[in-house]
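Here is the structure we will look at, set down as structure tokens.
In our numbering, the protein residues as written are 10 to 156.
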């Protein structure tokens, strides 16, 4: 069944990242936030949440921990909308990129995917994610209480 294969792959990936990131006391999700900031630059909390599929209630405490460790800083928007919180890397957060540069290679090697098969898997995962998001969005749609 697909559900077991997905669960096992997800769990194995999380365990691998947990072990690889342990020397830096980073969680997998914290690492993903850093990767987004390294690759895309400063970002709003909302945009980070959209990329990761996390709501602000989950993301805010995670960002607070990264901020307390001196890896990111949060600041209010540029005046157009004070509700927008922008997250950016600190110098230490930038330095960490160099320290963690081998992690993507280690994970890529562990997947045992070739350069030819990796893109197909990525496309399949994107399609799966889109499909699951559509299903769950439909389940969360408010229904008319009178019908």
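Every residue, glycine too, gets a C-beta built ideally from N, C-alpha and C. Quantities reported herein were computed from a predicted structural model and do not represent experimental measurements.
Do you know offhand how far residue i's Cα is from residue j's?
| i | j | result |
| --- | --- | --- |
| residue 83 | residue 94 | 6 Å |
| residue 143 | residue 60 | 16 Å |
| residue 39 | residue 72 | 8 Å |
| residue 119 | residue 89 | 45 Å |
| residue 36 | residue 108 | 15 Å |
| residue 23 | residue 43 | 16 Å |
What would DSSP say about residue i, mapped onto helix, strand or coil?
| i | result |
| --- | --- |
| residue 97 | strand |
| residue 125 | coil |
| residue 74 | helix |
| residue 65 | helix |
| residue 83 | strand |
Whose C-alpha, out of the options, is nearest the C-alpha of residue i?
| i | options | result |
| --- | --- | --- |
| residue 99 | 148, 55, 75 and 13 | 75 |
| residue 30 | 58, 101 and 113 | 113 |
| residue 26 | 138, 131 and 115 | 115 |
| residue 146 | 62, 41 and 66 | 62 |
| residue 52 | 20, 85, 22 and 13 | 85 |
| residue 49 | 13, 14, 15 and 103 | 103 |
If residue i sits next to residue j, beta carbons under 8 Å apart, how far is it from one beta carbon to the other, in whole angstroms?
| i | j | result |
| --- | --- | --- |
| residue 106 | residue 47 | 5 Å |
| residue 58 | residue 68 | 5 Å |
| residue 54 | residue 96 | 6 Å |
| residue 122 | residue 130 | 6 Å |
What are the boundary residues of the beta strand (DSSP E) that includes residue i?
| i | result |
| --- | --- |
| residue 17 | Element bounds for residue 17: not the beta strand (DSSP E) but the alpha helix (DSSP H), 11-30. |
With residue i as the anchor, note down where its alpha helix (DSSP H) starts and where it stops.
| i | result |
| --- | --- |
| residue 114 | 112-120 |
| residue 36 | No alpha helix (DSSP H) holds residue 36; DSSP gives it neither H nor E. |
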